[in-house]
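One structure is given below, encoded as structure tokens.
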Amino acid sequence: MIHANFAKVEGFSISNKYEKEDYYLSVDGYIIFTEKYHLKRGYCCRNGCKHCPFGFHEKQKTKR
30 MIHANFAKVE
40 GFSISNKYEK
50 EDYYLSVDGY
60 IIFTEKYHLK
70 RGYCCRNGCK
80 HCPFGFHEKQ
90 KTKR
């Protein structure tokens, strides 16, 4: 399952609205948003993001 904050990079150009510190690429070619990006966004999307600073745990649908 691909979460909303992941985007496959094949043939994809990331928008100029993201700064270099906002994301990195996984070895599988996915864009992974950083904690800095999530804090800048300002809210939890409740998708179980890898670097969620808000403490949401996807499998339990609760805060960590």
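Take any residue in the sequence shown, count from 1 to its spot, add 29: that is its number in my numbering. Don't be surprised by glycine CBs; every beta carbon is placed ideally from N, CA and C.
Assuming contact is defined by CB atoms lying nearer than 8 Å, are residue i and residue j in contact in what I supplied?
i	j	result
Leu54	Ile60	yes
Arg75	Phe85	yes
Phe62	Cys78	yes
Which residues mark the beginning and the end of the beta strand (DSSP E) in which residue i is found?
i	result
Tyr52	52 to 54
Please report the residue range of the alpha helix (DSSP H) in which residue i lies.
i	result
Tyr66	64 to 70
Take residue i and list the residues in its own chain whose beta-carbon comes closer than 8 Å to its own, dropping the five residues that flank it on each side.
i	result
Pro82	Glu64, His67, Leu68
Tyr52	Ile43, Ile60, Ile61, Phe62, Thr63, Tyr66
Could you pull out every residue in the same chain whose Cβ sits closer than 7 Å to the Cβ of residue i, ignoring the five residues on either side in sequence?
i	result
Glu50	Thr63, Lys65
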